[in-house]
Amino acid sequence: MQLTEQQQQIVAHNHGPAMVFAVAGAGKTTAMVHRVERLVRERIFAPDRILVSSFSKAAVDDLGEALAAWPHCRRVIRRTLHGLGLKIVTDAAEGGVLPPLAQNALKMNGEERQILWTARDRARTTQVIPADALDALDEQDFLDYLGACKGNLCYPDLATSGLPEEAMTVASQAIAPPGMPWYRDLYRLHEEVRRERGWLTFDDMLMLSWEALMRSPALCTRWQQRFDAVIVDEFQDVNLAQAEILDRLTKVHRNYMAIGDDDQTIYGFRGASMSFFREFEQRYGAVVYTITENFRCQASQILLANSVITQNRDRYPKQLVITQGFAGATLLRRALDVQAMGQQVVADIAAALRQGYTYPQVAILVRLTAQTPAVEQALIEAGIPYRIAGDEPFFARREVADLLKYAELAAGDAQLRRGQPLVGEEAERVAACWRALYNRPRRYLSRQLANEVLALATSRHVPLSDALVELMPRVHDRLAVKLQELADLLVWLGDMRATLPADQLLLELDRRLAYQSFLREQSGSAETGAGRAGNVAAFLQYAAGKGSLDQLLQHLEELAAERLLAQRDAPSDGVDIRTIHRSKGLEWPVVLLPNCNAGYIPCGGSDDIDEERRLLYVAITRARRDLYLYAVNGGDAQLSPFLLAADVDTVLESGTVIGALLASDPATWTAVATVRMLTFPRQYGQERFFTHWWKIEPPQRIRYLARVLGLFALLHDQQLTERHNITPADEAFWRTLADDKLAPDLAPFPDFERLFPEPSPAPPDERVRSPSDPPDYRIGEAVRHPHFGPGTVVAIDQRRTRRTVEWHITVEFRSRGFVKLLASIAPLEKGS
């Protein structure tokens, strides 16, 4: 395989620290494995003295598969960072540096939750944590908190950790999420149980391996001597523990290469930080390499990705370069509502299937799984099988199911109030609902009292609402209020179930429970809480127009049956639905991105706008051929401010125009389209495409360049270059591509007159307005732009050209910042 110049520079690196900024789809794996092959072949390092690592097992497996093509590279050590940590922890435990481990100590298949269950029972027994908090514990949320703490070396009680002095400068005290101080207490108990059992969890492989290296200089020296060169991929995703482990292991030689892309740092909620990558050069005095050529996407995706990500200011400056040409398509679809959007998604998938693509070659990417209901319904009704990575269909998610369980619980209460006892399966279902809901949202009702209420209902056939009231004299005032509210809620819900439409009923239920607020507040991670609340909000919207609650439930049963039928017909085949976070490192020929609206991209409530923009960049660069963006255009819905700031319509139109020119006979070009060609390389940072990747036969190349140079000459003659933002650099670039003796093609363009300025039409009985007249705007005036939205005029400037006087107005837009516009053609409306 022929390597690019940028890849060859990386392959040629021998000793010392180095970092590689590799854009999406840049062939960094190719550069990595070729470097390893050369280092081994030229005997710079022995194969078993080289460590190649990454965050995910899939990435490491890909590296191993690539290296296996060279027999002399088969002994190269390939491990995930967690796998490396496990080796160090095991070594440390066997050597007495860490406490001994149990047989089969590593627990990763769900059994590790037993640690949490035991810790929770211990907290209940010792009354360290309020019982009601333990009853309402969201296990996965706490485990996410635990993982973030360990990945960032945050200890439950740092003062008693016994870490050496040097380690204390790196480790920190764990901080509980706001409003949940007992998380730290449960963390401490969790670690007590884990140590007693001698177990390891996924996150302990990192925290304990770092701790072992810090506690034992002898162990650290032994592991430092194990490798002579270390290469780490996806370095932008490392957390503090990983960065510090690698720092210790490479300290004696610093033959240490970090490869990543700060523009793809999207796991901040897990503790990953691009600072470890961005500061690598300064920390180690590293040589910096950059690979910018994208071998995955088509031109339209690259142009849009660049236009999106350049809005982030805190980044290493670089542009993706087109190498695959201008085939494929990137389309922005606008729909009246989410249902119409779902139907459009299905129509585009059907079109892709007709073109020969298969279901697994199509991916639907969403910011949150809450965005899937309308799309899922459309897929089910069309008989298109799908899989949701890491989640259930929207109607089976816990937060949605629990909301519906309230209706089932109220139905049981209403049956008891009618004097009809609950028996058999009815009683079992109501009991299951009660156990799931009595403290959701949190009511501070103990398990013992909850069991008493259930016993009254199932054994003595007392309505749940009456049993709650009977309990009130035995509890403190605050809980009594909660019990009365729950009793009233069950009565209201049972009475109104058949009266109100499903969406109104569930909306009022959500309001009375403050359910979405509860989901946000009871999550240690803002990302998790927003996702769960978003699932409920989306379901409430989905319920509109579905009739009564019973009709909605019947509809959901039919959806589940239809989906099961589609999955049965294609058990291992289906469209891939996943969050953008789960799409990292993957690619598909066809990618569909619904809900490109404000509130979704960026996600409402997110306080890291740069990371939200990086998520959109990652989504765009997953497509190999076609990318479809969808936005709701009705009501109060607004297009994503990221797409507005990127001027999405202009960017996509430019890609279409340039692609059409490069695929057509230069004799047929129009002047208006060719003007775009003149400025395109500079404007979109694509000079390298034309110098390195423009695949064209020499005779045709000469005709293209002659036509371009011909338009330059005509524009110069008419003094029109400045008007069309054509710079001397543009002309110089195109001349470097052509032979000095190449004569410009001066054949007239049929539409050349369209490049001249057009006078503004004069209103009846009024004089013609000249471009030299002051614009009809005032500083401080509110205006609106069709793409940038509302803004305020902040400056009005006069500029003299060779032929006239022009006025420019500078507007500060809420979505874009400061933009300077030519007053004579500014598409601004008065008012905000």
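Remember, my numbering sits 1071 above the position in the sequence shown when you count from 1.
Ideal placement from N, C-alpha and C gives every residue a C-beta, glycine not left out.
Tell me the DSSP bridge mates of residue i?
{"i": "D1868", "result": "H1879"}
{"i": "R1406", "result": "The residue you asked about is not Arg; residue 1406 is Ala in the sequence shown. In DSSP, A1406 forms a bridge with V1703."}
{"i": "P1861", "result": "R1855"}
{"i": "R1150", "result": "S1124"}
{"i": "E1900", "result": "R1855"}
{"i": "E1364", "result": "V1392"}
{"i": "L1892", "result": "I1880"}
{"i": "R1649", "result": "L1436"}
{"i": "A1129", "result": "Paired residue(s): none; A1129 is not in a bridge."}
{"i": "D1697", "result": "A1400 and V1661"}
{"i": "V1303", "result": "S1124 and A1329"}
In chain order, what residues of the same chain have a beta carbon less than 6 Å from the beta carbon of residue i, not counting five sequence neighbours either side?
{"i": "V1562", "result": "S1536"}
{"i": "R1265", "result": "I1186"}
{"i": "G1156", "result": "M1276, L1277 and S1280"}
{"i": "T1798", "result": "none"}
{"i": "V1379", "result": "L1687, Y1688, F1713 and A1717"}
Does the beta carbon of residue i come closer than 8 Å to any beta carbon on chain D?
{"i": "A1137", "result": "The question asks about chain D, but that chain is absent: this structure has only one protein chain."}
Using 8 Å for Cβ pairs, my map puts residue i next to residue j. What's the rounded Cβ distance?
{"i": "R1568", "j": "L1620", "result": "6 Å"}
{"i": "Q1335", "j": "A1095", "result": "6 Å"}
{"i": "K1099", "j": "I1373", "result": "Contact doesn't hold; Cβ gap of about 16 Å is too wide."}
{"i": "V1904", "j": "I1330", "result": "Outside the modelled stretch of the chain, which goes from 1072 to 1903, sits residue 1904, for which no answer is possible."}
{"i": "L1402", "j": "L1664", "result": "The Cβ separation is near 11 Å, so there is no contact."}
{"i": "Q1575", "j": "A1608", "result": "Rounded, the Cβ-Cβ distance is 15 Å, inconsistent with contact."}
{"i": "V1661", "j": "Y1430", "result": "Actually they are not in contact, since the Cβ atoms of V1661 and Y1430 sit about 10 Å apart, beyond 8 Å."}
{"i": "G1339", "j": "Q1369", "result": "Going by Cβ atoms, the distance from G1339 to Q1369 rounds to 29 Å, so no, they are not a contact pair."}
{"i": "E1758", "j": "F1804", "result": "6 Å"}
{"i": "Q1307", "j": "D1274", "result": "Their Cβ separation, rounded to whole angstroms, is 20 Å, which puts Q1307 and D1274 out of contact at 8 Å."}
{"i": "L1217", "j": "Y1258", "result": "6 Å"}
{"i": "T1792", "j": "L1785", "result": "In fact, because the Cβ distance is near 10 Å, the residues do not count as touching under 8 Å."}
{"i": "L1580", "j": "A1614", "result": "So it is not a contact: roughly 11 Å between Cβ atoms."}
{"i": "L1172", "j": "L1271", "result": "7 Å"}
{"i": "L1475", "j": "G1483", "result": "That pair is no contact at about 13 Å."}
Excluding five sequence neighbours on each side, which residues of the same chain lie with their C-beta closer than 7 Å to the C-beta of residue i?
{"i": "L1016", "result": "Shown here, the chain extends from 1072 to 1903; a query on residue 1016 therefore has no answer."}
{"i": "V1241", "result": "L1224 and E1315"}
{"i": "Q1709", "result": "N1668 and A1669"}
{"i": "Q1080", "result": "Y1360"}
{"i": "Q1414", "result": "A1449"}
{"i": "Q1211", "result": "none"}
{"i": "M1543", "result": "A1551, L1554 and Q1555"}
{"i": "A1478", "result": "L1564, R1568 and L1620"}
{"i": "G1135", "result": "R1149"}
{"i": "P1464", "result": "E1447 and R1634"}
{"i": "R1838", "result": "Legend: pLDDT at R1838 = 45, less than 50; position of this residue unreliable, value from coordinates given subsequently. Taken in chain order, the list of residues that qualify is empty."}
Around the Cβ of residue i, are there at least 16 other Cβ atoms within 10 angstroms (buried) or fewer (exposed)?
{"i": "R1438", "result": "buried"}
{"i": "R1873", "result": "With a pLDDT of only 49 at R1873, under the threshold of 50, the placement of this residue in the model should not be trusted, and no figure is reported."}
{"i": "L1899", "result": "buried"}
{"i": "A1337", "result": "The amino acid at residue 1337 is misidentified as Ala; the sequence shows Ile. Under this definition I1337 is a buried residue."}
{"i": "D1192", "result": "exposed"}
{"i": "E1682", "result": "buried"}
{"i": "A1083", "result": "exposed"}
{"i": "K1891", "result": "exposed"}
{"i": "S1725", "result": "buried"}
{"i": "A1635", "result": "Before going on, a small fix: residue 1635 reads as Leu here, not Ala. That one is exposed."}
{"i": "F1347", "result": "buried"}
{"i": "Q1390", "result": "buried"}
{"i": "S1530", "result": "exposed"}
{"i": "N1796", "result": "exposed"}
{"i": "Q1353", "result": "exposed"}
{"i": "L1311", "result": "buried"}
I'd like the list of long-range same chain contacts for residue i, defined as Cβ closer than 8 Å, with 5 residues on each side in sequence excluded.
{"i": "D1299", "result": "F1116, A1117, R1120, I1121, H1324 and N1326"}
Check whether the Cβ of residue i lies closer than 7 Å to any heavy atom of the ligand NAD, and answer yes or no.
{"i": "L1480", "result": "The model on display carries no ligand, and the ligand NAD is accordingly not part of it."}
Sufficient close CB pairs (3 or more, under 8 Å) joining the segment 1665 to 1685 to the segment 1693 to 1706: Yes, they touch.
Sufficient close CB pairs (3 or more, under 8 Å) joining the segment 1423 to 1438 to the segment 1380 to 1400: Here the segment 1423 to 1438 makes no contact with the segment 1380 to 1400; the two share fewer than three CB pairs at distances below 8 Å.
Cβ contact check for the segment 1638 to 1657 and the segment 1682 to 1699: 3 or more pairs under 8 Å: The segment 1682 to 1699 and the segment 1638 to 1657 touch, with three or more beta-carbon pairs separated by less than 8 Å.
Cβ contact check for the segment 1457 to 1469 and the segment 1586 to 1599: 3 or more pairs under 8 Å: no
Validate contact between the segment 1774 to 1784 and the segment 1734 to 1745 using beta carbons, cut 8 Å, 3 pairs: Yes, the segment 1774 to 1784 touches the segment 1734 to 1745.
Touch test, the segment 1165 to 1174 against the segment 1189 to 1206, Cβ-Cβ under 8 Å, three pairs minimum: no
The segment 1176 to 1183 in contact with the segment 1147 to 1154 per 3-pair CB rule at 8 Å: Output reads no: the segment 1147 to 1154 does not touch the segment 1176 to 1183.
Segment contact, 8 Å Cβ cut-off, at least three pairs: the segment 1439 to 1448 with the segment 1738 to 1756: no
Three CB pairs or more closer than 8 Å across the segment 1842 to 1856 and the segment 1816 to 1827: no
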